[in-house]
Every structure is written in structure tokens, then in C-alpha cells.
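Right, one structure below, let's go through it.
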Amino acid sequence: IADAQTEGFIASGLFAQGWSVVYRALDTTSLKKYIVSNPEIAKNALLLYTPDLAELNPASSLELSRMVKQSIGFSNDLEKHQNYPGLYEIPKDLTELVSLVRGSIRSPLIRQQSPVQHSTRRAQVIAIGSAGSGVGCTTVAINIAMELSVLEKSTLLIDANFRAPSIAVLLSLRNLLTDEGWRSVAPQLSISEITQLRSNSIDELMARAIDEFDQIIIDLGSISGLSNRLTDQRWTSKMTTWSCDNADELLIISKPDLLGAHRLDQVLILLEKTAMRAKLGFLLNMKSQGKKGDGEEARFLSSITPLRPGSMRVLARDGRSVQASEEARSTLIEANERSPLRKSLAKIASELAR
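Going by the numbering used here, the letters in the sequence shown line up with residues 2 to 355, in that order.
Following this line, the structure appears as C-alpha cells:
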């Protein structure tokens, strides 16, 4: 990249997000020499370039792109440089840069178009992840999706918890792997499960879902190790990456006990260093009653406030209602629609509905 400001922005930005910057070329000759001298590095490398690099032309850029795993070009005059492979406009900020690189790595054979503006697409997408295990992420996702469907919002609930998919078990469902990509289970409510086989077509699946549904709720499960998952290419990371780049909100759930607070602190450290398009929201689940609960909520709010989240919510502990719904293999509204937890989740759903 010839322009020093652009080169510095891209190299330092990606390095800060966890990528290794292995070589910064000053001209085409030195770049080619490095690639030829380091074939093992090159075959796994992503080449980022601009057409104004000294000695570079369409033919040499194509030759170089074939010597690396993948290449992405940047230019503010796409028409002038249309003969260069894999060209995009120079990103305006770090979030756009990281999103573009992640998207290209995720689907390298698909020409990435400009992201659909959230204000013009049909569906609102809420991805729900947990800071640790056993915090009620799946229970919250299931019941928010159900409450949205009760509000006459066509809703898709996606089980993307690769480590421990649970939605089908909790609702006693079978045959979620339909050709369409989801299965209708109730009026205005459909459910999908992301498997290793289906992970290869996540972008296509989500593009169809965004056009067909009003609301999409994604259960990601635990998002511990978030930064590593956003820079690798394993199938288990694809839905997390998609959500950070395309969801309207990433809602992170934690619980107030000692281990839950520790896990939340670990996730917060990662989030401070991670660029993403999705807005952040936080939910404290299983809050205790009385003064103990007040202290738990105060600690929770003091931890998350520095990140300036778009939403901060609290749910009181209601183990009896959750147990009843699990035993009935149903949602809270079906097991006990008057329970405090069900009413709280219905309120959250009404706030999310648009």
C-alpha cells in the first residue's frame, strides 16, 4: 500500500484486532521477493494492496494473488482500477475494515457486496451470547422469540450454540434440518439449527431469512474467547463472526455469582479490543431478591457502563417457572403466563419489536 496513512491505518488496525502482520512491502518487487522466499507463509496469507503500489499493474496483481491464499485490494476509484482483482473502496473506519476482512475470509469465493443497511432490510437481528455457561442464554432466546411471535412478528429462532445445541431438546422438536433452512413450529415462529454441514451456506441462509422474517433471534451460547473466534476460519466460529458483523444487537447475558462476574469481566476485556458493527447490550440474569440483589445489580452496572452499551437489563431469579417450562417442554407463556419472569421477558420483547 503506497499511501502511508492508509497503510498505517490498515496494518495497525488489523494488528490491534488480533491479526499477524507478517510483511509490509514498499514496492511490488520486494513484495514478490518476500512471497517467493516464504512460500509456507504465503500459502496461508491474506494479501492487502492498493493499485498505486510502485510497479504494480493488473497482470502483476493477479499473479501475486495466485501466490497467496487470498487477496483484497483497496481503491477510492473503483472504475479506474476495475481490472485489479478483489477490489473494494478504502474502508472509512476500523469497524468497516474488520468487517470486510472477516467477510472475505468467511466466504472467499463470493464477491462481497456492500452490507445491506440495517435501516432498509426487513428483519431486526438480535444475537444472544453468554459470558460463561449455565446463565440461561437459551431460555432467554427461546422465550423472547416466542413473545415476539405473540406480538404478531414473524420470528426465526436460530440455534447456533455449536458446543451444546439445546433448543430442539428443550422444546421436544425433531427434524429441524429442512431444505428450506427452518421449520415452522407455531404461528409466526420458525426454528433453525446451524450444523457443520449448514455452516457452509450461512451467508445465503441469513440473506433469505432477513428478507422473510420481521425478527431473528440467534442463540450463540458462550462467547468466551470471542477475539479468537473472530479471526479463525473454523465452522464453529462462522455464526459468531456473522453476528458481530451483521446483527443489530449482540446481547450478552451473565449471572451475578462469583464465577459469573469473573466470566463477564473476561468478556468485557475482549470487547474493549474488538471492533464490530453490532450494538452491545447486556442482561443480568438470575438476580437475587432484596439487598443482595441490589448489590448484584450495582456491580453489574458498574462493570458494563464503561462500554456504553445500548441496553442494560436485569431479570430476577425465577427457578420455579423455568423448571415448570422445562418439565413441560414448552415456553414460559405456555407453562405459566403469569409468572414474573415471563412478564419481564414479554416486556423485553415489546421493547425489541419494531
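We treat Cβ as the ideally placed atom computed from N, Cα and C, and that holds for glycine. Predicted, not measured: the structure shown is a model, and the values here were computed from it.
{"Item": "Min CB distance Lys-34 to chain B below 8 Å", "Value": "The displayed structure is made up of one protein chain only, and chain B is not part of it."}
{"Item": "Lys-293 versus Ala-317 - alpha carbon distance", "Value": "12 Å"}
{"Item": "Backbone CA spacing between Glu-153 and Gln-189 [nearest angstrom]", "Value": "7 Å"}
{"Item": "Start-to-end residues for the alpha helix (DSSP H) that takes in Ile-127", "Value": "From DSSP, Ile-127 is part of no alpha helix (DSSP H) but of the beta strand (DSSP E) over 125-131."}
{"Item": "The region 283-293 in contact with the region 135-143 per 3-pair CB rule at 8 Å", "Value": "yes"}
{"Item": "Buried or exposed by the 16-neighbour rule on C-beta atoms within 10 Å, applied to Arg-330", "Value": "exposed"}
{"Item": "Simplified DSSP assignment, three categories, for Ile-254", "Value": "strand"}
{"Item": "Which listed residue (Glu-97, Glu-250, Glu-205) has its alpha carbon closest to that of Asp-220", "Value": "Glu-250"}
{"Item": "Under 8 Å between C-beta atoms of Arg-164 and Ser-223", "Value": "yes"}
{"Item": "Local Cβ density within 10 Å of Asn-247, reported as buried at 16 or more and exposed below that", "Value": "buried"}
{"Item": "C-alpha distance - Glu-97 paired with Leu-174, whole-angstrom precision", "Value": "39 Å"}
{"Item": "Rounded separation between Pro-307 and Ser-100 - CA only", "Value": "23 Å"}
{"Item": "Tyr-85 burial status per 10 Å Cβ neighbour count (16 or more: buried)", "Value": "buried"}
{"Item": "Span separating the alpha-carbon of Ser-13 from that of Gly-19", "Value": "10 Å"}
{"Item": "Residue burial classification, Gln-125 (beta-carbon count within 10 angstroms, cutoff 16)", "Value": "buried"}
{"Item": "With 16 other Cβ atoms within 10 Å as the buried cut-off, status of Ser-131", "Value": "buried"}
{"Item": "Alpha-carbon spacing of Ile-349 relative to Ile-145, whole angstroms", "Value": "7 Å"}
{"Item": "Straight-line gap, Pro-116 to Ser-76 (C-alpha atoms, nearest Å)", "Value": "With a pLDDT of 45 at Pro-116, under the threshold of 50, the modelled position of that residue is not reliable, and the figure given next carries that caveat. Their backbone Cα atoms lie some 18 Å apart in a straight line."}
{"Item": "Residues near Ile-111 in its chain [Cβ-Cβ closer than 6 Å; skip 5 each side]", "Value": "Note that Ile-111 scores a pLDDT of 35, beneath 50, so its modelled location is shaky; the value from the coordinates is reported in the next line. Result list for Ile-111: empty, nothing under 6 Å."}
{"Item": "Under the three-state DSSP convention, the category Val-186 falls into", "Value": "strand"}
{"Item": "Beta-carbon proximity of Ser-66 to Gly-87, cut-off 8 Å", "Value": "yes"}
{"Item": "Short Cβ contact (8 Å threshold) for Ala-128 with Ala-354", "Value": "no"}
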